[in-house]
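Below: the structure, in structure tokens.
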Amino acid sequence: MATSRQAVPRVRRRRQDPVPQRPVRLLELRRLLRRRRPPARLPARALLLLGVALRLPRLAADAPRPPRRRHVVGVDLEWGEMDWKTAALNTILGRWGKKASPEWNISGELCSGFAADKTDWDNYRDINPFIKCDCTFNNNTLCHITRLRVTYLDVVGQIPAELQNLTHLVDLYGIEDFSS
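Sequential numbering of the sequence shown, starting at 0, is according to numbering that gives the first Met the number 0.
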């Protein structure tokens, strides 16, 4: 019996590319790693990202570190606090169309000079507007604005909402005839 060879059409299957067409995002990589059943293959980019992510903490640990100084952190916190107080005070005066007195140190530490000394503010009647600070907080390293004097400035309008940012303000002198 003669066997005839029948031509069987062969279907070629395309190989699937292990690298996806779009870039792998870190969240997708995390999802792939969190699966209970590990995936058959991780994309090459994902493996590279994973290798870099695992290596970074070691590289950072090997780098020399500067010596730690505790007082530097405290100074940074104080400057940050004074920055928003300075901004609040400048905003308040700006809404009234006024500028800070030249005696104030607006660019540097706000609670310095006349504002921080222990003398009564009645001794400085010619400085208007004027603030006084209490620098006894946190072992005499932290200052808060406690008094604000604005007299005879012909200010018209509402009391600025930024006054609520000065949380230690106990004396607001000279505020008269404001509408609510």
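We put the beta carbon where it would ideally sit given N, CA and C, even for glycine.
**Asked** Ends of the beta strand (DSSP E) at H143?
**Response** L141 to R148
**Request:** Rank I144, I130 and L162 by C-alpha distance to the C-alpha of F136 and give the top, closest one.
**Result:** I144
**Item:** Collapsed DSSP secondary structure at A160 in the structure displayed
**Value:** helix
**Message:** Report the CB separation of R148 from V169 in whole angstroms; it is logged as a contact under 8 Å.
**Reply:** Contact flag wrong, Cβ pair sits at about 13 Å.
**L88 versus E161 - alpha carbon distance** = 8 Å
**Request:** Please classify L171: is it buried, with 16 or more other beta-carbons within 10 angstroms of its beta-carbon, or exposed?
**Result:** exposed
**Asked** Do you know whose CA, among K84, H167 and L92, lies nearest D133's CA?
**Response** H167
**Request:** Go through its chain and collect everything with a Cβ distance to M92's Cβ below 7 Å, but skip five positions before and after it.
**Result:** This sequence places Leu at residue 92; Met is not what is there. K98, A99 and P128.
**Request:** Give a yes or no on whether the C-beta atoms belonging to V154 and G112 are separated by under 9 Å.
**Result:** no
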